[in-house]
Amino acid sequence: MHIIDYIKHPEQVILGLQEHGFGCFIPDKLYIKCMFLKSFGYPLDLHNPRTFNEKLQWLKLYDRKPCYSEMVDKISAKNYIGKIIGEQYIIPSLGQWNSFHEIDFNQLPDKFVLKCNHDSGGIVICKSKEEFDYKSAESIIQSSLKRNYYFPGREWPYKQIQPKVFAEKLLVDKYYGEVRDYKFFCFNGRVRCYKIDFDRFINHKANYYDVDAKLLQIGEIVCPPDHSKVIDAPKNLKLMIELAEKLSVSIPFVRVDFYEVDNKVYFGEMTFYPASGFGKFYYEGNDSLLGNWIELPLNKRRE
111 MHIIDYIKHP EQVILGLQEH GFGCFIPDKL YIKCMFLKSF GYPLDLHNPR TFNEKLQWLK
171 LYDRKPCYSE MVDKISAKNY IGKIIGEQYI IPSLGQWNSF HEIDFNQLPD KFVLKCNHDS
231 GGIVICKSKE EFDYKSAESI IQSSLKRNYY FPGREWPYKQ IQPKVFAEKL LVDKYYGEVR
291 DYKFFCFNGR VRCYKIDFDR FINHKANYYD VDAKLLQIGE IVCPPDHSKV IDAPKNLKLM
351 IELAEKLSVS IPFVRVDFYE VDNKVYFGEM TFYPASGFGK FYYEGNDSLL GNWIELPLNK
411 RRE
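Heads up: the sequence shown begins at 111 in my numbering, then just goes up one per residue.
This is how it looks when you write it as structure tokens:
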């Protein structure tokens with residue numbers, strides 16, 4: 111960019127500093143405002159936020175309960191969540207390590223999953239040790255362990271998490287094959303809708319449904335809806351809704367993910383800021399609709 115461009119768009123200076131490793135010197139509020147302007151083309155209104163994405167940014171800045179960090183840490187969450195809904199819904203860990211190089215693969219089963227506890231995307235699936243690409247797995251895991259997931263979107267719950275890699279058994283559904291996960295959007299302890307992703311590695315799409323499994327006119331640009339796709343409601347829909355609502359009590363917004371495997375329910379993860387609050391919706395009005403479902407705490411600070 112030329113100097114005149116930076117004068118017209120000063121937010122690019124801030125974002126440029128982030129990209130060049132100076133993000134730790136940029137206050138959260140300033141960075142979030144710059145990212146929001148770049149993403150949506152209009153200024154973030156923290157004084158009177160209305161849309162889903164605006165309110166997620168507000169929550170990042172002003173709703174900072176210490177337990178949120180424990181909830182998003184995929185290792186500590188197992189214990190935290192298990193105490194609330196029961197250990198029977200938790201996928202047991204096969205081990206945890208500070209580095210890929212510490213893993214003794216002889217102690218792991220032939221099929222397993224490696225995950226990082228502090229980010230999104232640090233995951234490797236092994237369907238057979240004989241065919242497992244150890245070099246590729248090492249690259250993915252070690253790269254993820256070096257990353258602080260807080261900085262790109264200022265999702266503060268991740269900032270102080272000590273990066274680790276852990277292993278779980280590979281879940282395989284006898285009927286569907288690959289495991290399907292269900293993402294429940296919870297607002298102050300109430301599930302309003304859930305999302306099902308499909309064709310992730312071909313042409314990623316996702317549909318949204320209400321609590322009665324009826325299709326909703328809600329979608330995302332990054333994974334657009336396909337209402338011609340017939341997807342059966344999960345057999346344990348009511349149970350998953352019940353568990354999600356139990357986990358989300360007194361939380362303005364959180365997404366709670368579950369797996370359904372051979373008619374059994376397993377907890378996946380909790381996400382406080384989907385797409386870091388910078389995701390664009392497929393249908394006009396979706397951002398406002400979901401924004402209306404978030405009730406911000408009245409006793410917390412507003413600009």
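Note that the Cβ used here is the ideal one computed from N, Cα and C, for glycine as well.
According to DSSP, is residue i helix, strand or coil?
i       : result
Leu-406 : coil
Tyr-116 : Interpretation of Tyr-116 is limited by its pLDDT of 45, a score under 50 that renders its predicted location unreliable; no figure is taken from the coordinates.
Arg-302 : strand
Gly-395 : coil
Val-182 : helix
Gly-387 : helix
Leu-154 : coil
Arg-257 : coil
Glu-288 : coil
Cys-333 : coil
Met-111 : Confidence is the limiting factor: at Met-111 the pLDDT is only 49, short of 50, which leaves the residue's position unreliable and the question unanswerable from this model.
Glu-265 : coil
Ile-213 : coil
Closest to residue i by C-alpha separation, out of the options, would be which residue?
i       : options                            : result
Ser-238 : Glu-180, Val-359, Ile-195, Leu-280 : Leu-280
Val-321 : Arg-300, Asp-307, Asp-309, Cys-333 : Arg-300
Tyr-259 : Ile-191, Ile-235, Ala-354, Asp-229 : Asp-229
Leu-357 : Ile-213, Pro-344, Ser-338, Gly-378 : Gly-378
Asp-342 : Lys-324, Thr-161, Gln-252          : Lys-324
Arg-310 : Cys-333, Ile-235, Phe-391, Leu-400 : Cys-333
Ile-185 : Ile-200, Phe-162, Asn-373          : Ile-200
Phe-162 : Cys-296, Ser-179, Tyr-369, Glu-248 : Cys-296
Ile-351 : Ile-195, Pro-176, Glu-212          : Ile-195
Give the straight-line distance between the Cα atoms of residue i and residue j, rounded to the nearest whole angstrom.
i       : j       : result
Ile-312 : Leu-408 : 44 Å
Gly-395 : Cys-303 : 16 Å
Asp-283 : Met-380 : 22 Å
Tyr-393 : Lys-293 : 19 Å
Tyr-116 : Lys-148 : In this prediction, Tyr-116 has a pLDDT of 45, which is less than 50 and means its spatial position is unreliable; what the coordinates show is noted afterwards. Each residue's alpha carbon lies about 13 Å from the other.
Ser-398 : Pro-159 : 10 Å
Cys-144 : Phe-261 : 13 Å
Phe-135 : Lys-390 : 28 Å
His-314 : Ile-213 : 32 Å
Arg-365 : Asn-298 : 11 Å
Check whether chain B comes within 8 Å of residue i, counting only Cβ atoms and requiring the distance to be less than that.
i       : result
Ser-398 : Given the protein chain composition of this structure (a single chain), no chain B is represented.
Given the structure, does residue i come close to the ligand NAD, in the sense that its CB is under 7 Å from one of the ligand's heavy atoms?
i       : result
Tyr-260 : This structure lacks the ligand NAD, and indeed carries no ligand of any kind.
Would you mind giving the Cβ-Cβ distance between residue i and residue j, rounded to the nearest angstrom? I have them listed as a contact below 8 Å.
i       : j       : result
Leu-169 : Pro-362 : 6 Å
Val-275 : Val-371 : That belief does not hold up - the Cβ atoms of Val-275 and Val-371 are roughly 23 Å apart, past 8 Å.
Pro-335 : Ala-316 : 7 Å
Leu-349 : Val-375 : 6 Å
Ile-142 : Leu-171 : 7 Å
Lys-225 : Cys-236 : So it is not a contact: roughly 12 Å between Cβ atoms.
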